[in-house]
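Colleague: Here the sequence shown stands for residues 151 to 295, where the numbers follow our numbering.
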Amino acid sequence: MRISTKGRYALRLLIDLAEHQNNGYISLKEVAARQGISKKYLEQIIPILNKSDILRTSRGSHGGYMLAKSPDQYTVGEILRLTEGSLSPVDCVDPIPVDCARSADCATLPIWQELAKIINEYLDGITLQHVLDQQRERYANDYII
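1. Beta carbon of Leu278, beta carbon of Asp222: below 9 angstroms?
2. Does the beta-carbon of Gly213 have 16 or more other beta-carbons within 10 angstroms, so that it is buried, or is it exposed?
3. Which value, in whole angstroms, describes the spacing of the CA atoms of Asn291 and Gln284?
4. Tell me which same chain residues have a C-beta within less than 6 angstroms of the C-beta of Leu199, skipping the five on either side of it?
5. How would you write the range of the alpha helix (DSSP H) that Gly157 sits in, first residue to last?
6. Determine the extent of the alpha helix (DSSP H) in which Leu282 is found, giving its start and end residues.
7. The alpha helix (DSSP H) with Thr258 in it runs from where to where?
8. In chain order, what are the residue ranges of uninterrupted beta strand (DSSP E) at least 3 long that sit wholly in the stretch 158-235?
9. Would you mind sorting Gly275 into buried or exposed? The rule is 16 or more other CB atoms within 10 Å of its CB.
10. Helix or strand or just coil, what does DSSP make of Cys250?
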């Protein structure tokens with residue numbers, strides 16, 4: 151399994167919106183500047199997120215995007231499944247598995263099933279709020295005398 155740029159950038163976009171949630175609607179231009187991501191690339195990710203009601207949008211000169219819910223209600227797994235489709239390490243353990251003639255006798259199938267379970271449980275256990283809290287803690291402990 152490899153997380154694409156789209157998945158990584160979607161996660162960075164949502165973390166940025168979570169971090170600045172008290173500032174109201176945030177423009178993609180602001181997010182792009184802070185995150186070092188092309189605004190054009192973010193514009194390609196937004197429709198994927200909008201389909202899932204993850205974002206609130208506002209048009210106009212002071213428009214932009216904000217999270218529809220609080221950061222503790224979004225998991226990394228949920229976000230990555232939206233952008234990546236599946237987090238399964240192999241096709242035979244996808245939510246809609248690919249038929250395989252060997253599946254009934256496959257010695258490795260339990261390995262892939264357990265790996266998929268571990269990946270999903272791990273990523274579903276991390277919320278955007280958790281990421282923000284870790285980042286704040288890291289910066290709080292990063293001081294110079």
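Glycine included, C-beta positions come from ideal geometry on N, C-alpha and C. Bear in mind that the values here come from a model prediction, so they are computed numbers and not experimental data.
Modeller: According to the structure shown:
1. Yes.
2. That one is exposed.
3. A direct Cα-to-Cα measurement between Asn291 and Gln284 gives close to 11 angstroms.
4. Here the set comprises Leu205.
5. Thr155 to Glu169 is the span of the alpha helix (DSSP H), which, as asked, contains Gly157.
6. Counting along the chain, the alpha helix (DSSP H) containing Leu282 begins and ends at Leu278 to Ala290.
7. According to the DSSP assignment, Thr258 belongs to no alpha helix (DSSP H), since it is labelled neither H nor E.
8. Those beta strand (DSSP E) runs which fall completely within the stretch 158-235 and span 3+ residues are 205-208 and 214-217.
9. That one is exposed.
10. Cys250 falls in the coil class under three-state DSSP.
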